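Set out below in structure tokens:
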């Protein structure tokens, strides 16, 4: 097989790894800046114009720090798990159409929505492993909390992701995007709102940031990490947020397509995708600033007693609407 | 009892009763019969040469009555009163540590403020104690508390909060026995940063002591200074000019504003509400600026002196202070609305760490903790000092008794404090703001209490007619409130420990004087 230069460029540079890495940094900066402004602070403002290089500087700084593996930690898992979870999330991101097509060309296949969601579950499991391997009680509790929380919220998230799939009549992400003449947020707003809430829990942000409750579990699963491994954990978390936002864009907001469209299609696809993604990031950050952290039992109660039944209801409603109502209207 | 009881009405400026050592319980029982809600304020030990004096300062019907008794130094034994007044537990342990008095029948006579490797038979507050007698041991056989952490007894797991823990910014230790998520038992251990201020105060002049006691607590510093100078003024029989009293009132209330805002913000941090934390601390800044405008210092005001205050207020500064306070008051209305309506905040604090009125009385808690449980005690109302007698303000109480109620009491007290400052500025009398007093204080003794932001602060000062005090006793509000944490945490969820703990507004630099 001849090595296809275009393939390599797409996977490694744009819209693949390099782009995703810098875009993650940018989203992190946007998040920090919004949170700071909402809390009446300045936020990063020193590195680069308006502090835009600060997330990058943080990562570089962490990479230069001494890397310590605590005695008693399960060394192999402790070293590999952060890198693996980061890689898996970037891999999952490469399946989402960014500039009209996914980063890996022709990677779309029937049912890749399920595949991508499964990848995220695995990535979360590696996060759990990294905390569990660190031989620290706070790391253990933090890891157990990650597992408890994502086990609970993975099911509603998946059920809610099925709503756009039913509206589009396909489990393929590219087909779901292509079918959104009207963004699905207009056709199934109930599923969109619930999806944002479940995502907030999945991404461990307030009011659901139980695994990071520093007044209870110090650093959570990150407690024993330092240096490069901590950098990868941070990157995983930031990339997870980008992935979550990207998933919302693909499933509910019409993906990369947009109302204004002329000239070079790749440019417009890309622009609309980034704008929509930033809008989702702003929404999640807004929610984060508004609420206090709930207690773990309150989070689980909210999950099993409220979000799960509601997502089943939402799915039923969506199927009903997709089968009987929308064919009449559209 | 008969001969053992001797009433000395004019003593200490308050009523005091002299009893024999073995009848302290009888007198207390009589007091409790007349007033069921009587509680202990402080237990003062006093080295009297051959004997050790003990003073039980009891709060009854809004006033303090002192029961005095003596025990011989060779055999310092006295029956405990913990079974009569639960809140006396910590007071007795402290006196046992510092004076070597043995309280017979005490349920838990372990060390409280002294380290576990402190030498036996060396009691720091006795006059004959030499600091050179302290030797640092390398071996630590008595350290049972440390070994207890590793054990887990079946389903019960020991969880240690502190001395270093992110939920606890100050070094104290709480050993929690946890069954699953439920806290079964709490054992506090304080004294990690005990500085011996009471002993140090005996080696400094009265004027130096004003600045020493001010540094007991960085947050309620002005209250400590004010309480100390008032006590000394009582001994000397000095009356502070009215303008000085008003200025002190303003400084004390600014102190309360800054302390309450700090705590409310910190409570936000403990429940993961960072936005609230940032907002509260932003709005606390103007209060610090006002303190600086008035006293020249932002935190440790150093404004109090024996005989008045150190600086006068400029007439031109009054409008500046008033504008700032109007802005703050508007913001407090906004926060009131947030605390009343924000669902996630209420989920974390409502019905969390509930302290019933009966328990509050039994454990002798003070300040916003007591008022949050419906106990209407406030020294500013009960025994007005400075200008509080002339200023109208409301006593804020809540009946819920949970963490939320305690935070709400503080939130509403901020508004009251603003009103008090406003009134004091409007009715500021003209005249001198201090008077000159001699450096040597006449022999005598006095007790005094003020309402610090965290609750009632109590001082006892004994003068022997020189420039140095014979004894300074400080009972800080947190010391009185710590026993209630045991009651609040036991039976609750472990995730509720940070919010209920912070709602007590614990200050360990106060506790470890």
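Residue numbers (the numbering used here), protein chains in the order written: chain R, 1 to 330; chain Z, 1 to 513.
Glycine residues also receive a C-beta, built at the ideal position from the N, C-alpha and C atoms.
The model shown is predicted, which means the values in this text are computed figures rather than measured ones.
How many Å lie between residue 164(R) and residue 180(R) at the Cα?
-> 9 Å
DSSP three-state call for residue 339(Z): helix, strand or coil?
-> helix
Under 8 Å, do residue 267(Z) and residue 296(R) count as touching if we go by C-beta distance?
-> no
To which residues of the same chain is residue 55(R) closer than 7 Å at the C-beta, ignoring the five residues directly before and after it?
-> 25, 28, 29
Kindly indicate the opening and closing residues of the beta strand (DSSP E) around residue 462(Z).
-> 455-463
Beta-carbon neighbours of residue 280(Z), restricted to chain R and to distances below 7 Å | Under the 7 Å cutoff, chain R gives no residues; its nearest Cβ is about 10 Å from residue 280(Z).
Collapsed DSSP secondary structure at residue 114(Z) in the structure displayed | coil
Using the beta-carbon of each residue, which ones in chain R are nearer than 7 Å to residue 272(Z)?
-> 206, 209, 213, 292, 293
Which class does residue 97(Z) belong to by DSSP, given the choice of helix, strand or coil?
-> helix
Using the DSSP secondary-structure output, state which residues sit across from residue 70(Z) in a beta bridge.
-> 53(Z)
Residue 104(R): which of 142(R), 61(R), 174(R), 48(R) sits nearest, CA to CA?
-> 174(R)
Using CA coordinates, which residue listed in 396(Z), 368(Z), 452(Z), 352(Z) is at the minimum distance from residue 500(Z)?
-> 352(Z)
Count the CB pairs spanning the region 178-198 of chain Z and the region 260-276 of chain Z that are closer than 8 Å, and state whether there are at least three.
-> no
When 62(R), 209(R), 169(R) are compared against residue 150(R), the one with the closest alpha-carbon = 209(R)
Of all the options 125(Z), 122(Z), 90(Z), which has the alpha carbon lying nearest to the alpha carbon of residue 109(Z)?
-> 90(Z)
Spatial distance of residue 377(Z) from residue 478(Z) (CA atoms) | 16 Å
On the DSSP bridge assignment, give the partners of residue 186(Z) in chain order.
-> 176(Z)
Within chain Z, the residues that residue 41(R) reaches when beta carbons sit closer than 7 Å | 278
Taking 8 Å as the cut-off, decide whether the C-beta atoms of residue 182(Z) and residue 491(Z) are in contact.
-> yes
Please classify residue 341(Z): is it buried, with 16 or more other beta-carbons within 10 angstroms of its beta-carbon, or exposed?
-> exposed
Would you call residue 555(Z) buried or exposed, if buried means 16 or more other Cβ atoms sit within 10 Å of its Cβ?
-> Outside the shown range of chain Z, which is 1 to 513, sits residue 555(Z), and nothing can be said about it.
Can you give the Cα-Cα distance for residue 145(Z) and residue 504(Z), rounded to whole angstroms?
-> Note that residue 145(Z) has pLDDT 47, beneath the 50 cutoff, so the model's placement of it is unreliable and the number below is only indicative. In a straight line, the C-alpha of residue 145(Z) is about 25 Å away from that of residue 504(Z).
Going along chain Z, which residues have a C-beta under 8 Å from residue 38(R)?
-> 275
Residue 47(Z) by DSSP, collapsed to three states: which one?
-> strand
Cβ neighbour criterion (16 or more within 10 Å) applied to residue 9(R) = exposed
Helix, strand or coil at residue 150(Z) [DSSP, three-state] | Its pLDDT being 43, under 50, residue 150(Z) is placed unreliably in this model, and the coordinates cannot settle the point.
C-alpha distance - residue 262(R) paired with residue 219(R), whole-angstrom precision = 48 Å
Burial state of residue 177(R), where buried means 16 or more other Cβ atoms lie within 10 Å | buried
Given a threshold of 16 other Cβ atoms within 10 Å of its Cβ, counted over all protein chains shown, does residue 164(Z) qualify as buried or as exposed?
-> exposed
Using a C-beta cutoff of 8 Å, does residue 377(R) count as contacting chain Z?
-> Nothing can be reported for residue 377(R), as the shown portion of chain R is limited to 1 through 330.
Measure the CB-CB distance between residue 169(R) and residue 303(R) and report whether it falls below 8 Å.
-> no
Could you tell me whether the Cβ of residue 345(Z) comes closer than 8 Å to any Cβ of chain R?
-> yes
What first and last residue would you give for the alpha helix (DSSP H) that runs through residue 332(R)?
-> With chain R represented from 1 up to 330, any question about residue 332(R) goes unanswered, as that position is not in the structure.
Segments assigned alpha helix (DSSP H), at least 4 residues, entirely inside the region 242-270 of chain Z | 242-270
Are the C-beta atoms of residue 27(R) and some chain Z residue less than 8 Å apart?
-> no
Residues near residue 424(Z) in its chain [Cβ-Cβ closer than 7 Å; skip 5 each side] | 246, 249, 250, 387, 391
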